[in-house]
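Following our numbering, the numbering of the sequence shown begins with -19 at its first residue and continues without gaps.
Ideal placement from N, C-alpha and C gives every residue a C-beta, glycine not left out.
Here the structure comes first, spelled out in structure tokens, and everything after it is commentary.
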Amino acid sequence: MSTPWGELGLDAARLRAIAASDRPLAPHECAERARQAAALIEPGRLDRSGPGEAVLLWRDEHSEAWLNLWWRPRDTGYHDHTGSCVGVHVIEGRAWNEPLTIGGTPEPREYGPGETFWFPGEGIHRMDHQAGAITIHVYSPPIQAIGHYDLHDGELRRTPVPPDEPSPPSAALYQALHR
Ligand SMILES: [Fe+2]
-19 MSTPWGELGL
-9 DAARLRAIAA
1 SDRPLAPHEC
11 AERARQAAAL
21 IEPGRLDRSG
31 PGEAVLLWRD
41 EHSEAWLNLW
51 WRPRDTGYHD
61 HTGSCVGVHV
71 IEGRAWNEPL
81 TIGGTPEPRE
91 YGPGETFWFP
101 GEGIHRMDHQ
111 AGAITIHVYS
121 PPIQAIGHYD
131 LHDGELRRTP
141 VPPDEPSPPS
151 AALYQALHR
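This is the structure in structure tokens:
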């Protein structure tokens, strides 16, 4: 089986040029780089069998970028990026970004093909991805750890998750916030 890098004919030098920076990126700069990297992706070349995967496009001193192939629906649960901000570009399908809010009605925002958004490093959010969605996420600085949030006997807890592991849905916290 070929890797997405092989399928897509990705050019490491062009990706490095997009990533290039002498300092950490602001959230909107992450989003702009995600948009630029998306221009190098030809979704028609992808093998869509299997559950999907996250493909590392680059990781350098100041940022890292992932091409996410969501062949199945994916709820990330509520999480933070331990201070790393993120910029997201949607190539195909739909994705929803829901900042964690207390006291009001949660307002997940929907993004479709060609749309870009960003989220601050101090924030806590949850993302939903439609089956078949393709997104690029650029984080700055590179993620050291993910903090995952859920309720345990009604108490909010933060659990560290390694940066290369998918965070699970936050079943109890989701229920509590989406009454
Ligand atoms: Fe996130």
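Just confirm the distance between the C-beta atoms of residue i and residue j, as a whole number of angstroms; I'd bet it's less than 8 Å.
i: residue 108; j: residue 75; result: 7 Å
i: residue 91; j: residue 118; result: Incorrect: roughly 15 Å between the Cβ atoms, too far for contact.
i: residue 103; j: residue 79; result: 6 Å
i: residue 128; j: residue 143; result: Not really, about 12 Å apart at Cβ, beyond 8 Å.
i: residue 162; j: residue 11; result: Residue numbering for the chain in the displayed model covers -19 to 159; residue 162 lies beyond these limits and cannot be assessed.
i: residue 23; j: residue 114; result: 6 Å
i: residue 133; j: residue 150; result: Actually they do not touch by this definition, with Cβ atoms about 15 Å apart.
Is residue j closer than 8 Å to residue i when the C-beta atoms are compared?
i: residue 13; j: residue 56; result: no
i: residue 141; j: residue 123; result: no
i: residue -13; j: residue 49; result: no
i: residue 170; j: residue 94; result: Since the first residue of the chain shown is -19 and the last is 159, residue 170 is not available in this structure.
i: residue 77; j: residue 86; result: no
i: residue 110; j: residue 53; result: yes
i: residue 169; j: residue 65; result: Missing from the structure shown is residue 169; the chain here goes from -19 to 159 and no further.
Is any heavy atom of ligand 1 found at a distance shorter than 7 Å from the C-beta of residue i?
i: residue 96; result: no
Legend entry - Sufficient close CB pairs (3 or more, under 8 Å) joining the region 58 to 72 to the region 33 to 42: no
Inset, instruction - Say whether the region 83 to 99 touches the region 40 to 52, bearing in mind that this needs 3 or more beta-carbon pairs closer than 8 Å, one atom from each stretch. - result: no
Legend entry - Below 7 Å from a heavy atom of ligand 1 - residues by beta-carbon: 56, 59, 61, 66, 99, 105 and 107
Legend entry - Any 3 or more C-beta pairs closer than 8 Å across the region 13 to 27 and the region 81 to 88: no
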